[in-house]
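Residue numbering for the sequence shown is 445 to 1058, as defined by this note's numbering.
Every residue, glycine too, gets a C-beta built ideally from N, C-alpha and C.
Working notes, beginning with the structure itself.
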Amino acid sequence: MLLSPRLRRWRGLLFRMGIDTAIVLASMLIAYWLRFEFRIPPQYSSDIWRPLLLAVAVKIPIFFAFRIYRFSWRNIGLGELAQTAMACISATAILAAIELVFRDVGYWTAMPRSILGIDLAICLLALLGIRISRRLILHTFSSTRTRGKRTLVVGAGDAGSELIRALERDDGYAVVGLLDDDSDKKGLVFRGVAVAGNRQLLPREVERLHVESVLIAMPSAPPSVIRETIQLARGAGIQDVKIIPQLAELYTGIVTASVLRDVRPEDVLQREPVRVDSGEISRYITGRIALVTGAAGSIGTELCRQLLRFGASRLIALDFNETGLFYLESDLCQRFPDRDIRVMVADVRDAEQMARIFDQERPYAVYHAAAYKHVPMMEAFPCEAVKTNVGGTGNVLQAACDVKADAFVLISTDKAVAPTSVMGTTKRMAELLVRNQQSQRTRCMTVRFGNVIGSRGSVLKTFQDQVEARQPVTVTHPDMERFFMVTSEAVQLVLQASVLGKSGQVLVLDMGKPVRIVELAEDVIRFYGLKPNIDLPIVYTGIRPGEKLFEELFTTEEGSEATSHKQLTIARLEKPTPEWLADLSQLMIDAKRGDDAVVLRSLRDLVPQFEGRE
């Protein structure tokens, strides 16, 4: 007969109460036996039922008062055990007080005080022991059940230990093995699972333990280690490989089963993790109002998440993409339900609207990510690129200075260095606008970096789509190289730059070494268990309009200057001349008229490195 959930709860409660009642009775009786060396004198034995009854009448209600019957014995931890101990000690103290008050009343023969001390020790050990024993027994048997996928966890650090504990409450996984490269951990048992050895044993453990799933719990590990672990798992025939993301992606800092995600090609990107001063960022952001433009884009979305993670009291998210804003708001409200989140459909090209929003919201820190970024597309629409990337930047910059925001940060690109495209040229002009801005209260700065891997329009996403469709993978040129960075890391460095940057500076993120695009394509093909140019061909399509073979982060004229953060460098950008600014004003007029030919000529005059199409 199946019991209802309510009846099952009552049955469990009565079972635990019955166990505790037996312990209370037994501990008091044993205390008498030990005190009198198993020969209880008649004056005590005749009335022994009275202290036994009193012990039950006092202790069980006290246990209820301390809510120890709400604890699950299956998952009981140190906090619950400590509260159980406090309940037992408190109950004994009350018994001692009752005995002291009534010992001369004559209702029963006075109890030797030593009995209460003996009773406390026995009762405490029994209460804690039965709970710990039950948990160990349940854990031992449950770890060998097939209640979920037989799972191997790689990483026995804090994250791995927390993950195993979290999975005890998740029927989807049954952890049967654990690996770690630290030789000192070999043989150690973490929550009932022993460390078998290092990662090189993964194929052997998969076969020996009949593993169905591999979970990588190394959020601080370098990409080379993650890459090798994924390859070992895939080589052993495991398709279900999940990972705890890097610390930069853990918005709550808490490891649970819900943070696990499928491995992605960007997890094997060959660059070392970014290190930022989280405390410094948090002190700057906490309790402040932050505003993000282009909030529905890849960079903007991550900026919103991390600003809230670092404690922004209010977030204003601006974008012209209403659908993207709808999904962004849903995501942010779910992640941060207690924060003041305001999404606004707004156009950075509308100067009056920007001024009105800034005057109403009075942001402390402004992150300007709104821009047109698609290189070939902007070659066809130069006027639109100018109006958004140059005019929009000027509008947001002026609005931030008018309300005396502490910081304005322009998100720029390596394509602004010696630009050969319309998009890169307009971003270069936006950098010069920020460099020229004069404000006594607002620090106006630019942060420049390369490609963000996994973002919308990223070449990585194109490669993934092609491989999943089993289509030829297209690369423009065998020698083409690009700088890449993971979105979460780029955004953390942007936030770090906003803390330490000074007005007029162009801060360049350390992007590591450039990656050959063809090698990235080969890595994506291998990631899916295929062989490049055997299972899937790589096809060269030729360089598109506005593209360069190699990107740079600095020009020769700019040079570089170190900062207090080793992954941030200052590019020395000269201020524009008054004549340049006057020509820029005319460019904006021409762009609003939609005269592409005139705009292209003006771009070549204003940024001599840009040649562009005639």
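Reference residue i; option with closest CA among the options
i	options	result
residue 744	821, 813 and 776	813
residue 1034	679, 835, 993 and 957	835
residue 956	926, 618 and 514	926
residue 1026	1040, 1049, 1013 and 601	1049
residue 729	492, 992 and 938	938
residue 825	774, 1040 and 558	1040
residue 706	722, 607, 719 and 687	687
residue 876	648, 861, 774 and 740	861
residue 477	489, 741 and 709	489
residue 635	931, 786, 609 and 645	609
residue 756	621, 656 and 776	776
residue 1019	906, 881 and 958	881
residue 592	933, 658 and 631	658
residue 912	560, 708 and 837	708
residue 504	469, 917 and 456	469
residue 794	866, 684 and 833	833
residue 514	460, 561, 484 and 471	460
residue 837	848, 958, 791 and 849	791
residue 1029	778, 973, 831 and 528	831
residue 600	454, 578, 627 and 577	627
Buried versus exposed call for residue i [16 or more other C-beta atoms within 10 Å across all chains shown]
i	result
residue 566	buried
residue 978	exposed
residue 767	exposed
residue 817	buried
residue 526	exposed
residue 748	buried
residue 789	exposed
residue 444	Residue 444 lies beyond the residue range present for the chain, which begins at 445 and ends at 1058; the question has no answer from this structure.
residue 617	buried
residue 1023	exposed
residue 604	buried
residue 545	exposed
residue 859	buried
residue 487	exposed
residue 914	exposed
residue 811	buried
residue 928	buried
residue 774	exposed
C-beta contact flag for residue i and residue j at 7 Å
i	j	result
residue 1054	residue 863	yes
residue 1037	residue 952	no
residue 563	residue 475	yes
residue 889	residue 949	yes
residue 822	residue 829	yes
residue 1114	residue 596	Because the chain here runs from 445 to 1058, residue 1114 falls outside it and cannot be looked at.
residue 969	residue 920	no
residue 467	residue 570	yes
residue 463	residue 502	no
According to DSSP, residues forming a beta bridge with residue i
i	result
residue 952	892 and 1013
residue 925	960
residue 761	736 and 787
residue 982	917
residue 831	Partner(s): none; residue 831 has no beta bridge.
residue 684	657
residue 869	Bridge partners of residue 869: none, in fact.
residue 812	737 and 854
Distance, residue j Cα to residue i Cα
i	j	result
residue 727	residue 670	32 Å
residue 734	residue 754	11 Å
residue 843	residue 736	13 Å
residue 598	residue 759	37 Å
residue 982	residue 904	14 Å
residue 495	residue 633	44 Å
residue 663	residue 711	11 Å
residue 820	residue 992	12 Å
residue 588	residue 980	Residue placement at residue 588 is flagged as unreliable, the pLDDT there being 46, under the threshold of 50; the coordinate-derived value follows with that caveat. If you take the alpha carbons of residue 588 and residue 980, they lie about 41 Å apart.
residue 624	residue 638	10 Å
residue 852	residue 799	14 Å
residue 1046	residue 763	28 Å
residue 963	residue 1014	30 Å
residue 458	residue 451	10 Å
residue 479	residue 558	7 Å
residue 421	residue 655	Here the chain has residues from 445 to 1058 only, and residue 421 is not among them.
residue 1044	residue 1031	9 Å
residue 942	residue 787	22 Å
residue 971	residue 510	53 Å
residue 473	residue 500	12 Å
residue 523	residue 934	39 Å
residue 856	residue 871	6 Å
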